[in-house]
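Structure, as structure tokens:
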Amino acid sequence: MASTTASPSDNNGSSSSRGSVGRAAVIMVATVLLSRLLGMVRDVVITHQFGQTDLTDAYNAAFKIPDMLMYLVAGGAISSTFIPVFSQYLHNEDEEGAWKTFSIVLTAVLIVSVALVGVAEIFAEPLVRLLNPGYSDAKIAMAVPLTQIVLPAQICFMVGSLLMATLNSRNKFLVPALGPSVYNIGIIAGAVLADPTGTGPFGGMRALMWGALGGAFVGNLLMQAISAAGQGMRYRPSLDVRFEGAVKVWKMMIPILLGISLPNVDQIVGSYFASMLGTGGQSALSLATRLMLIPIGVFAQAMSIAILPTMARHAAAGATREYKATTGKGLRTILFLTIPASALLFVLALPIVEFLYQHGKFVAENSYLTAAALRFYSVGIFAWSCQAILTRGFYALQDTKTPVITGSIMTVVFVVMNALVVYFTGHDHPILGVEGIALSTTIAATIYMIVLHIILRRRLHGLQDRQVTISTIRILLATGALVLVALAVQNAFHTLVSTDVPVSVRAIGEILLCSIAGAAAFMAVAKFYRMEELTSVVGMIQSKLKRKG
-11 MASTTASPSD NNGSSSSRGS VGRAAVIMVA TVLLSRLLGM VRDVVITHQF
39 GQTDLTDAYN AAFKIPDMLM YLVAGGAISS TFIPVFSQYL HNEDEEGAWK
89 TFSIVLTAVL IVSVALVGVA EIFAEPLVRL LNPGYSDAKI AMAVPLTQIV
139 LPAQICFMVG SLLMATLNSR NKFLVPALGP SVYNIGIIAG AVLADPTGTG
189 PFGGMRALMW GALGGAFVGN LLMQAISAAG QGMRYRPSLD VRFEGAVKVW
239 KMMIPILLGI SLPNVDQIVG SYFASMLGTG GQSALSLATR LMLIPIGVFA
289 QAMSIAILPT MARHAAAGAT REYKATTGKG LRTILFLTIP ASALLFVLAL
339 PIVEFLYQHG KFVAENSYLT AAALRFYSVG IFAWSCQAIL TRGFYALQDT
389 KTPVITGSIM TVVFVVMNAL VVYFTGHDHP ILGVEGIALS TTIAATIYMI
439 VLHIILRRRL HGLQDRQVTI STIRILLATG ALVLVALAVQ NAFHTLVSTD
489 VPVSVRAIGE ILLCSIAGAA AFMAVAKFYR MEELTSVVGM IQSKLKRKG
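For the sequence shown, my numbering gives the first residue as -11, with consecutive numbering after it.
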């Protein structure tokens, strides 16, 4: 990709692209935040109804096979591999080629996903045993029917991901971003209506799985199909797999299908080893993971989804300078948002878990176990967030091999670290076990991010290195101020507030006071250094609010 010298029209286009990314990012942040909040409500309802027991472990295990199917069809990467190819056709004003590629890929994904779901339904029991080696027969019996109910949802996710990619390529982000929220609403409805002691088709955890299936159909398939049709979607079933556009997509997807990249399997691997940590280990890791994913989803997922179409257009046009500027700014913005969020989540892990979950059947012991995992997961938030941007940077260049090969190597390291954790802790030290698995995840993610950054930087002969370095140093200084102030407020709070105060009241007070004081300290240092990222984030929000007004 050759470097180009921007003309005045190029500058206008670059400004327009930045505006497009900004608008898309604001939409994505708002909708992902909504989805994460609904996910939190979902977990609160489930923990209140069921606590943290063998039954909740079985519930979490029920999603393993569906997640594996999504990985086998490269479902999580369909959008990232399809968008650059689709965007290139649109850039060349070849609508016919764009929609023919879409039709071929959609037909193939539909056939493969239906076949895999059918096989998984038949072999659900041995697959559940394989993925949960520490489970008893009773626990397996709980997980198998739950798995069989929710499996067809993956067809909705796989097909829906391609529809979402098509909408994103058209700079339509709202409806795709609402899909996960509808999915969470389905599970919440199932949890509210569930009878924890029921044994019928909708009793116990079964109601949650039916809710998940309904939410996936409505949010991830039906809504996306209607919206795509409104954008002129042209779908004609086709298996012309040798068509040029389809071949480009296959070439990008094959490395993902053959690889075992860390971002795709980290939760599955962690849950596999957690099944050997006794009752509640898997549930604690799942809850901690979902809390960690809130800032990652709100900031990194939103930014990476919003930024990919713009990076893909720059790559298709050979605009190296604009591509580097977009990627570099994305990294700086992500670090500005996630490093302080990571630090605050580490400091406030226990009160956050206590406030959200410690009621009903969820007791103090469960809170300590979940918070132990959350602390070590939180340290890796910045790494997971940056790799989301960097990975899509490679995808925009139509290179999926590099992220997958690098991620596969890190996955091997991750598996070894998890095996050592379980070997040296096991059932006797469940807290050390979940801490070790969480720490292994963070270490692997950080190394993965560093390697991706080095490779992309070398390929592009720089990636706004000076700006990123200066920005990172300033962010770390501001975060240091945040941590010092938050810890001081936390210590004073523990001294002044009686332990007789109800847990939820004490926890929310600690969270609010520490967060406000810490954020104020961070903002003060950021303003002192006149950080561009602060101005950029505030500007995006203000611009969106003005348009709404």
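C-beta: ideal position from N, C-alpha, C; glycine also.
Take S91, set aside five residues on each side of it, and the residues of its chain with a beta-carbon closer than 6 Å to its own are Y223, R224 and S226, in chain order.
Non-local C-beta neighbours of K349 in its own chain, meaning closer than 6 Å and more than five positions away in sequence, comprise G39, ordered along the chain.
Its Cα nearest to that of I284, the residue I322 stands out among I322, A300, A303 and V253. Assigned with DSSP and collapsed to three states, D453 falls in helix.
The stretch 323 to 332 and the stretch 370 to 379 touch, with no fewer than 3 CB-CB distances between them shorter than 8 Å. Cα atoms of R278 and G395: separation of roughly 21 Å, rounded to the nearest angstrom. Apart from sequence neighbours up to five positions away, the residues of its chain that approach F343 with a beta-carbon distance below 6 Å are S492, A495 and I496, ordered along the chain.
Each residue's CA atom was taken as its position, placing T154 and A204 some 18 Å apart. Straight through space, the alpha carbons of A384 and N354 are spaced by roughly 43 Å. Looking at the backbone, the Cα of T388 and that of P168 are separated by about 25 Å.
Residue burial is scored here from C-beta neighbours: S124 has fewer than 16 other C-beta atoms within 10 angstroms and is therefore classed as exposed. Here R30 is buried, its C-beta having at least 16 other C-beta atoms within 10 Å.
Here A216 has L151, T154 and L155 as same chain residues with Cβ atoms under 7 Å from its own Cβ, once five neighbours each way along the sequence are excluded. The C-beta separation of L265 from V422 comes to about 7 Å, placing the pair in contact by the 8 Å criterion. Assignment of F324 by DSSP, reduced to helix, strand and coil, places it in the helix class. Two segments are said to touch when three or more pairs of C-beta atoms, one from each, lie closer than 8 Å; by this definition the stretch 474 to 489 does not touch the stretch 292 to 307.
Excluding sequence positions up to five before and after A474, its CB lies within less than 7 Å of the CB of L332, V335, C502, A505 and G506, all in the same chain and listed in chain order.
Note that the C-beta distance between A108 and I53 is below 7 Å.
If you draw a 10 Å sphere on the C-beta of V400, you find fewer than 16 other C-beta atoms in it, and that means exposed. Leaving aside the five residues that flank K239 on each side, none in its chain has a CB nearer than 6 Å to its CB. Close CB contacts of L115 within its chain, under the 6 Å cut and outside five residues either way in sequence, are with I53 (chain order). The closest CA to that of V147, considering only M56, L209, G220 and M28, is found on L209.
Collapsing the DSSP output to three states places R462 in a helix. Under the three-state reduction of DSSP, G191 is assigned to coil, being neither helix nor strand. Taken through DSSP and simplified to helix, strand or coil, P114 comes out as helix.
Going by C-alpha positions, R117 is about 14 Å away from V257. In the three-state DSSP reduction, T413 falls in the coil class, being neither helix nor strand. Y171 has its alpha-carbon roughly 29 Å from the corresponding atom of A300.
The distance from the Cβ of K312 to that of L451 is about 6 Å, consistent with a contact at the 8 Å cut-off.
Burial is judged here by how many other beta carbons sit within 10 angstroms of a residue's own beta carbon; D42 has at least 16 and is buried. Within the model, the alpha-carbon separation for I282 versus A432 is close to 20 Å. Looking from the CA of Y365, the closest CA among A276, R446 and V351 belongs to A276. Nearest Cα to V163 within the set L464, V73 and I15: I15. A46 is positioned such that its CB atom lies closer than 7 Å to that of A131.
The C-beta separation of V180 from V33 comes to about 6 Å, placing the pair in contact by the 8 Å criterion. Inclusion of L104 and M197 in the CB contact set at 7 Å is not warranted, their separation being larger than that value.
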